[in-house]
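Numbering (my numbering), first residue to last: 113 to 451.
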């Protein structure tokens with residue numbers, strides 16, 4: 113994308129935003145559509161970008177933001193885009209149980225959809241008429257060619273009556289040569305196609321091998337980066353925690369120390385607590401802190417000392433959080449590590 117034009121870059125960003133919205137990943141969808149809007153394209157070319165941003169807000173049921181980004185750009189949008197925008201709006205209000213707005217946009221969607229269907233029907237009818245006209249013209253051309261061929265045939269019959277036998281022999285010889293040449297060309301073409309297919313297959317195999325090697329290297333880099341994050345975070349946090357032991361060896365953390373732990377986690381893991389709050393607003397502050405400690409991959413024994421409970425209670429606490437966050441197909445630790 114860096115080597116493309118602003119229009120092509122914006123289109124690529126738009127496609128990525130649509131993909132992430134379909135997967136329900138609104139943060140990534142917002143990221144790419146904002147990048148596309150920042151390309152500063154002309155107003156007519158940014159209509160689709162602002163409509164996409166409005167669709168994301170509609171998915172989040174934020175009606176004011178959705179209409180703010182959709183309605184001003186509808187005049188610059190195509191009929192198909194307006195139809196899609198009205199559909200998104202009435203579905204959003206339907207989920208919000210706002211029957212008045214839902215009925216308004218449903219009627220607009222129906223009218224726009226009917227107009228789109230009528231436009232498509234007109235295009236189909238126009239294409240059918242064009243095809244019919246082309247067929248008539250072709251028939252007239254064939255008829256003219258047949259008449260010209262007939263006139264030529266009459267002329268040749270009169271002109272070459274005495275040389276019919278010689279002409280037939282020459283024609284037979286010519287056909288044999290043409291057939292032989294055609295067979296030779298078909299054989300060469302077949303051999304060439306086989307060589308091209310073999311070369312393409314080898315190139316595909318080489319490209320696949322390079323891609324697999326690239327993916328392996330990316331996975332190694334990701335793992336190394338993850339390990340470096342853990343080392344950095346633990347190097348910052350663990351000494352601070354261990355210094356807080358009292359004379360009996362127990363840990364007691366103040367609010368300021370909890371804030372430091374959250375700040376360290378956000379620094380090393382790209383705003384971890386902010387992203388977790390956005391995705392799971394039902395979590396309490398105490399539960400967010402617990403997730404920070406799990407994200408730092410602290411051992412079970414240290415978690416037990418921080419909360420002054422047994423290791424089994426720590427495990428049960430993880431299970432309760434897993435049910436509260438509706439985590440499926442993975443353990444709580446795996447989900448927090450990958451988040």
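Don't be surprised by glycine CBs; every beta carbon is placed ideally from N, CA and C.
- Rounded to the nearest whole angstrom, the C-alpha separation of residue 375 and residue 365 is 15 Å.
- Rounded to whole angstroms, the gap between the alpha carbons of residue 154 and residue 139 is 25 Å.
- Between the alpha carbons of residue 165 and residue 116 lies a distance of about 23 Å.
- The Cβ neighbour count for residue 267, taken over all protein chains shown within 10 Å, is under 16; the residue is labelled exposed.
- Ranked by Cα distance from residue 430, the first of 311, 254, 443, 280 is 443.
- Between the region 252–266 and the region 206–223 there are fewer than three inter-stretch CB-CB distances shorter than 8 Å, so the stretches are not counted as touching.
- Using a 10 angstroms sphere on the CB of residue 280, the tally of other CB atoms stays under 16, which defines it as exposed.
- Secondary structure note for residue 383: it is in no alpha helix (DSSP H), with a DSSP letter that is neither H nor E.
- Between the C-alpha atoms of residue 198 and residue 232 there is a straight-line separation of about 19 Å.
- The closest CA to that of residue 136, considering only 326, 172, 369, 300, is found on 172.
- Positions of the alpha helix (DSSP H) runs, each at least 4 residues long and wholly inside the region 402–441, are given as 412–419, 423–436 in order along the chain.
- Nearest Cα to residue 381 within the set 405, 297, 278, 205: 405.
- When the beta-carbon positions are compared, residue 141 and residue 122 stay at least 7 Å from each other.
- With respect to residue 157, residue 144 sits apart: the two C-beta atoms are not nearer than 7 Å.
- Close CB contacts of residue 439 within its chain, under the 7 Å cut and outside five residues either way in sequence, are with 447 (chain order).
- The DSSP-derived three-state label of residue 147 is helix.
- When the five nearest sequence neighbours on each side are left out, no beta carbon in the same chain lies closer than 6 Å to the beta carbon of residue 414.
- If you compare the alpha carbons of 272, 202, 209, 152 with that of residue 120, the shortest gap goes to 152.
- Ranking 211, 294, 270, 194 by CA distance to the CA of residue 226 puts 194 first.
- Per the C-alpha coordinates, the member of 222, 159, 201, 181 positioned closest to residue 213 is 201.
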